[in-house]
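Note that the working numbering gives residue 271 to position 270 of the sequence shown, counting from 1, and the numbers run on in steps of one. All C-beta atoms, glycine included, are put in the ideal place defined by N, C-alpha and C. Note that the structure is a prediction, hence the values are computed from the model and not measured. Reading through the C-alpha cells given below for one structure.
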Amino acid sequence: MKRSWRLSTLLGPTPVARSVSLKLSKVDKLGVIAGAGALPRQIVAACRESGRAFCVLAFEGSADSEMIGDVPIQWIKMSSLSAALDAARNAGVTELVLVGKIPRPNVLELMRDVRSAKFMAKVGTRMLGDDNILSAVVRELEEVEGFRVIAPETLLENLLSTAGTYGVVNPTRDDLADIQRGLDVVHQIGRLDIGQAAIVQNGFVIGVEAAEGTDRLVERCADFVSQELPGGVLVKAAKPTQDRRIDLPAVGLSTVQHVVRAGLRGIAVETGGALIVDRPEMIRAADAAGIFLFGVSLKN
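Dropping the structure here:
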C-alpha cells in the first residue's frame, strides 16, 4: 500500500445517483471504498463475520472483484464519485472506510466540471502531494458530505503493525543500522509528502518511493542491490503529518515476493504506522524465503 473527490460538492447529484441508490439496501451503514490489493477483501470478511451491514464502492480499473469477494459491488469512477456517494447516503451509510490503493484523481478531468473547479480553487496550493490531496478529501467527506471516515484497523484485528520480529528470521546488527537509516530517510521524504518507503543497503540509500508505489520501487531498485554486500532492507513508515485513518503504508504477500526477487534481506515497518495485510500468509512466505519482517519505532 499505493496512493477522489466529492463527491457531490464536486460533481453534484445526477440521475446516475438515483439509479445507483436502487442497488443499495437501506440497512447498509458502512461504505467500503475499495481500491487495489487484498485489504478490501479482508474488510468485507470482517464485516460479514461481525454482522455489520455494509456496501462496497469499488474503483473501476483499480479494484479487483475476485480480491474483494462474492459481494454486490457498485463500480465507480473518479468522474462520478458524487453519484456513488449520494447513493450511499440514500442507502443509510454514515461511515466510510477507504482501503486498498486508490487511484489519484485526474485533475484535468475534474477541472472540466464547475463544482470540481470550485473545490480545486478552495484547496489551492495545498494540493502538492498525496497526503494533502487525501486530507482535503477527508475534510470534504466529513465537513461537507456529513460522513464519518474511520480507520481500517478499527474493523480488522491485527492489521496495524506491531513491534519486533514477526517470523523466525531476526535482523542482524547491520540490518538494524540500515533500518534506522531507512527510517530517517522515509521520515524526511514523508515531511515533503513524497513517499512512504526507502531501500537501504550497507548504509547506502538505493531508492525512495514516489508516485510509483512500493512494488515498482523494489523492481526499479533490484538491479542496484549488490549481492556482494550484506543486507538490503525495504523500510516503510507513515508520513509524519498524515491523517492515519487513510493511506497508511501497507505490506503484504506481494511485498514479500518482490523483496525476495530483488535479493533484499528483509522488510521493516514503523510500529503503529503500517498495515500488515494477510499477516499469516506473509509471515509464512517470509520465513520460507529466509527474510525478516520487523516492526520498529521511529524513536529507536
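Determine the direct distance from the alpha carbon of residue j to that of residue i, and round the result to whole angstroms.
i, j, result
"Leu-177", "Glu-50", "39 Å"
"Ser-298", "His-188", "12 Å"
"Glu-61", "Thr-173", "43 Å"
"Asp-248", "Gly-36", "11 Å"
"Asp-175", "Val-138", "41 Å"
"Glu-282", "Gly-165", "18 Å"
"Ala-211", "Ala-84", "31 Å"
"Val-234", "Val-145", "42 Å"
"Gln-197", "Ala-89", "31 Å"
"Asn-203", "Ala-39", "32 Å"
"Gly-232", "Ala-92", "52 Å"
"Leu-265", "Ala-199", "12 Å"
"Ala-239", "Thr-163", "14 Å"
"Leu-86", "Ala-290", "43 Å"
"Leu-157", "Asn-133", "26 Å"
"Gln-228", "Ala-47", "41 Å"
"Gly-52", "Glu-96", "15 Å"
"Asp-179", "Asp-279", "25 Å"
"Ala-275", "Lys-237", "7 Å"
"Cys-56", "Val-45", "9 Å"
"Pro-226", "Val-98", "The sequence given here places Val at residue 226; Pro does not occur at that position. Computed Cα separation, rounded: 37 Å."
With burial defined as no fewer than 16 other Cβ atoms inside 10 Å of the residue's Cβ, what is the status of residue i: buried or exposed?
i, result
"Asp-224", "exposed"
"Lys-123", "exposed"
"Gly-267", "buried"
"Arg-4", "A caution first: Arg-4 carries a pLDDT of 41, below 50, which makes its placement in the model unreliable, though a value can still be read off. Arg-4 should be labelled buried."
"Leu-193", "exposed"
"Arg-149", "exposed"
"Glu-143", "exposed"
"Gly-147", "exposed"
"Glu-271", "buried"
"Arg-262", "exposed"
For residue i, which of the options has the nearest alpha-carbon?
i, options, result
"Ala-286", "Val-45, Thr-155, Val-206 and Tyr-167", "Tyr-167"
"Arg-140", "Val-236, Ile-292 and Asp-244", "Asp-244"
"Val-94", "Val-33, Gly-267 and Ile-74", "Val-33"
"Phe-205", "Leu-86, Gly-147 and Leu-230", "Leu-230"
"Phe-293", "Ser-227, Ala-269 and Asn-203", "Ala-269"
"Lys-78", "Glu-96, Gly-291, Val-45 and Ile-103", "Ile-103"
"Phe-295", "Gln-197, Leu-157 and Val-252", "Val-252"
"Ser-136", "Leu-97, Leu-265, Arg-246 and Leu-160", "Arg-246"
"Ser-66", "Asp-279, Glu-96, Ser-227 and Pro-41", "Pro-41"
"Val-201", "Cys-56, Val-260 and Gly-274", "Val-260"
"Gly-1", "Val-98, Ile-195 and Pro-250", "The requested residue 1 is not part of the displayed model; the chain covers only 2 to 301."
Measure how close the beta-carbons of residue i and residue j come, nearest whole angstrom, since I'm counting them as under 8 Å.
i, j, result
"Asp-288", "Val-100", "That pair is no contact at about 26 Å."
"Gln-75", "Leu-58", "5 Å"
"Ala-64", "Leu-31", "Wrong, their Cβ atoms sit about 16 Å apart, outside the cutoff."
"Pro-241", "Gly-191", "5 Å"
"Leu-160", "Ile-277", "6 Å"
### Query
Are at least three pairs of beta-carbons, each pair with one atom in the region 50-70 and one in the region 172-189, less than 8 Å apart?
no
### Message
Would you call the region 242-256 in contact with the region 220-233, where contact means no fewer than 3 C-beta pairs closer than 8 Å?
### Response
no
### Query
Does the region 146-161 come close enough to the region 210-217 to have 3 or more Cβ pairs within less than 8 Å?
no
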